[in-house]
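Student: Number 416 in full-length UniProt numbering belongs to position 416 of the sequence shown; there are no gaps in the numbering.
Ideal Cβ placement from N, Cα and C applies to all residues, glycine included.
Keep in mind it's a predicted model, so treat the numbers as computed, not measured.
Mind looking over this structure? Questions follow.
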Amino acid sequence: MSNVIKQLEEKNVKNEITHMVWSSRMDLVALANNRGEVALHRLTWTRAWILNPPKEGVLVKGICWRPDGKILAIAYSTGEVHLVGIENKNILNVSNVNGDITYISWVQEKLENKVQKTSNLLDQDINEDNDYMKNVDFSSIFLPQPTPLPTSNGEESKNFLHIQSALNMILIGTKDGFVHIQIFGCFTCAVLNISEKVLYACSIKNIHITEDLDKLFVTVRNNENNTISIVIYDSQIFQTHTKELYTISMKSVYLLDLITYLNNAITSIAESWESILIEIDNKLSKYASLVPQGGVTADFLDLLMFGICSQEMEMFLLYDITKKGLEKFGQTIEMSYVNIQKLLLKNVTKFGQSITYHLAELRGMARFEHRYKVLGLDELSINKAIQDNGSFLIKTGEMQQIINHSLSNYRAFFRWIYTAIMHLIDEPIPTDIHKMTQQDLAYITEFLQNFDHIGYLPKDEVQKGFIMERIGQYLHDNNLTIPPCMEGNDWTVFLRQNECLQRHPGMLKHYENLSLMQQFKMLKTSLEEVLNSPKETIKNNFGFLRSLDGFNFGESQLKMSTVNMTKDSYLFSFVKPKNYIYLLQIFDLGCYAQCGKFYFTTLESEDPDCDNFYEIVDNAFFSHNILSLLLQNNSNNKSGVLYQFNVEEALEKLTEIDVNSEEIEDAHYFPEVNGTFLAPKSFKNIDNFVCCQFAISGTRKVGIVLSENRKKIRLFELSNEDDDDDDEAEITNSTLKESDVSMQDASFV
């Protein structure tokens, strides 16, 4: 690493900055302020975009980047985690942990470790056999991609998740001691209750998983006495079943994607129905309120059979419906029906069938017990979901038939009403309207039979309205008011005559009285059961190894950082306010550990006994052997220092500790070591700047320092080497460049 630390920019901002996180793949930094806004900035301090909070008063609790740098995860004070695409700030997924989030990070398996393991095998044939469980997804061959809905922005599909080469996961910690592990940021595979293991109420301060995913270190703070402890779990389930977890997680992503798509498609159907058909339904309901109960059907039948038109009917036809209005209604209603039919057939039914495909593959995995049983796939719940999806598809088919039948009824009804209006105004009947046939009369009669059906009001209320629209009842979360007549259906009759077939578990059930919305809710509930069943099983595969009681720094904010040193060695750094930092190295499942206590004095001084201590403001590992420190000189000039501390020599000063002691700091004596003289100095003075926080990127070799009032920042380059890795980042620079806005004009500042 070069010893050059160069300042690039100094900027003032309008609102207080609360969080700063660098991308590991690009020179981009994500910033959150005290208004809950999140902004993405370049190294040149031009802004790519700004994202408002989901609601007024919602604050950001944490930010992390997906390891490939394409997605940003934002944790909010509501307990929600939003995944945001960095090219256009679209919300790609929203999950809720139902807790106060205190920590969030996004980690990925280290593929080099797997390569190293397989390289030790004897020959290539063994390698191929060992890889026989490699995930091969044929769904893209057999299943079409969801087509954008007319009312959508084309972002429903979670394509951002469909192409991923490595297992990655978001680690979320909450104030009430829970750790949520979400593969790909969507599939919650485990929820660990840390308080249950340590036997006291605690909050999560840090979560660290090893590069090969086989051990999990959770740093917690006792809510009663503020003791800091490190809880170690065996997480080998991630290492031994990586491919299986990857496959299940991808299937869950596909299913969640399809459910979201179906939900949006059904919403589009409902909007199409409500926007056009409800107007005429309201007019008919208004007319129904003027006549006695049953009078609507009676008046229309009188007009149909005898040509007698009551005064209310005449006013309704001439002034409410009108000739021009009826012409418009006829066209718009038919267009609406056709639109609903297309949405139902091309969007709902078509992609509802895709759910069956993915569920069938999950069922096949569940039957592969020696690989998937340990992950909790439950064949019974999958079968239930397949059944419910089949019932949902049956209901969509039923709705298609209702649409076809209603179209015939509507056409006959409107032609007849149009003829009646023409007679009332003494105008000739157009030649293109043919005379009424017996079939038309049957359609109209059937249509009129539904006029006095009661709507969605309580039974004990006096009701004058009615539901003219038979499709609308399918789009409400209530039983059908006009269920379909299945008496003449040969299949229904056959099943009733053969109860053994009717009870067969493979027979799809037809719920005649349920609406499409009710069936969709049943399907969503079944899928939730399928995807939740692995959560409990995988959680039980986490083995609790030990709890290492550490330090007590009071109620001050915990500033710490972690890094993997070797395969069996992990280094933790803790800032003890205000002048000390502890380095804690843990070996081999926590059975052996050593610790040291360090302070720093004036860096220009050559006197090891100098008593001008720096305040240690923040810390973060720049690499496995470099710890970046933010120091503060509280003398007259109030200057900060960005210091690169080489920990290799510091590790030689560590003292072995008893891992079973109640508290490391009280049970051991640690010599106070002046870290300033342990290694060559690499630092940068930040003159006339009182610091409170910084963010460092070891891969991009950049840093950002925040002032005490959180309204001023300074950008630094930590190396003068040309590390041109931007080509690796698959992001459209032009997309971000077009939206660049100078910070001087930004509302964020």
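#1: Lysine 6 by DSSP, collapsed to three states: which one?
#2: Specify the secondary structure class of leucine 584 as computed by DSSP and reduced to three states.
#3: What are the boundary residues of the alpha helix (DSSP H) that lysine 342 is part of?
#4: Decide if tyrosine 669 is buried, meaning its Cβ has at least 16 other Cβ atoms within 10 Å, or exposed.
#5: With three or more beta-carbon pairs closer than 8 Å as the criterion, would you say the region 553-571 touches the region 200-209?
#6: Do lysine 524 and isoleucine 259 count as a contact pair if the criterion is CB distance below 8 Å?
#7: Rounded to whole angstroms, what's the CA-CA distance from leucine 8 to phenylalanine 689? Just pull it up for me.
#8: Can you list, in chain order, the residues of its chain whose CB lies under 7 Å from that of cysteine 591, leaving out five sequence neighbours each side?
#9: Could you tell me which of Met422, Ser719, Val617 and Asp568 sits nearest to alanine 593, measuring between CA atoms?
#10: Please state whether DSSP places cysteine 500 in a helix, a strand or coil.
#11: Is the beta carbon of isoleucine 581 closer than 8 Å to that of asparagine 619?
#12: For isoleucine 586 and isoleucine 50, I'd like the C-alpha separation in whole angstroms.
#13: Between which two residues does the beta strand (DSSP E) harbouring aspartate 388 extend?
#14: Decide yes or no for the touch test of the region 99-109 against the region 193-202: beta carbon pairs closer than 8 Å, at least 3 of them.
#15: With a CB to CB cut of under 7 Å and the five nearest residues on each side skipped, what residues in its chain are close to residue 763?
#16: Assign threonine 227 to one of two classes, buried (16 or more other C-beta atoms within 10 Å of its C-beta) or exposed (fewer than that).
#17: Can you look up tryptophan 491 in the DSSP assignment and give me helix, strand or coil?
#18: Let me check one thing: in DSSP terms, what residues is threonine 601 bridge-paired to?
#19: Residue range of the alpha helix (DSSP H) that asparagine 532 falls in?
#20: Should asparagine 479 go down as buried or exposed, given a rule of 16 or more other Cβ atoms within 10 Å for buried?
#21: Judging by CA-CA distance, which residue of Thr267, Ile471, Ser661 and Gly307 is the nearest neighbour of tryptophan 416?
#22: Would you mind working out which of Lys324, Val179 and Val253 sits nearest serine 235, comparing C-alpha positions?
#23: How about isoleucine 333 and tyrosine 410: do their beta carbons lie closer than 8 Å?
#24: Between asparagine 579 and leucine 359, what straight-line distance do the alpha-carbon atoms span, to the nearest angstrom?
#25: Which of helix, strand or coil does DSSP assign to tryptophan 366?
#26: Thinking C-beta only, is methionine 486 closer than 8 Å to glutamate 446?
#27: Distance, Cα to Cα, serine 336 vs alanine 75?
#28: Is it buried or exposed, cysteine 500, if we count other Cβ atoms within 10 angstroms and call 16 or more buried?
#29: Can you give the Cα-Cα distance for alanine 420 and valine 291, rounded to whole angstroms?
#30: Which runs of the beta strand (DSSP E) spanning at least 3 residues fall entirely within the region 60-104, listed in chain order?
#31: Candidates Ile183, Gly698 and Leu343: which alpha carbon is nearest serine 95's?
#32: Rounded to whole angstroms, what's the CA-CA distance from leucine 631 to arginine 221? Just pull it up for me.
#33: Does valine 218 pass the burial test, meaning 16 or more other C-beta atoms within 10 Å, or should it be called exposed?
#34: What are the uninterrupted segments assigned as beta strand (DSSP E) that are 3 or more residues long and contained completely in the region 203-247, given in chain order?
#35: State the DSSP-derived secondary structure class of alanine 620, mapped to helix, strand or coil.
#36: Alpha carbon to alpha carbon, what distance is there between asparagine 634 and tryptophan 45?
Tutor: In short, the structure shows the following:
#1: strand
#2: strand
#3: 323-342
#4: exposed
#5: yes
#6: yes
#7: 15 Å
#8: Val659
#9: Asp568
#10: helix
#11: yes
#12: 41 Å
#13: Counting along the chain, aspartate 388 falls outside any beta strand (DSSP E), though it belongs to the alpha helix (DSSP H) covering 379-424.
#14: no
#15: Since the first residue of the chain shown is 1 and the last is 749, residue 763 is not available in this structure.
#16: buried
#17: helix
#18: Phe613
#19: 516-540
#20: exposed
#21: Gly307
#22: Val179
#23: yes
#24: 57 Å
#25: Reading off the sequence, residue 366 comes out as alanine, not tryptophan. If DSSP states are grouped into helix, strand and coil, alanine 366 belongs with the helices.
#26: no
#27: 41 Å
#28: exposed
#29: 20 Å
#30: 60-65, 71-76, 80-85 and 91-96
#31: Ile183
#32: 25 Å
#33: buried
#34: 215-222 and 227-234
#35: strand
#36: 29 Å
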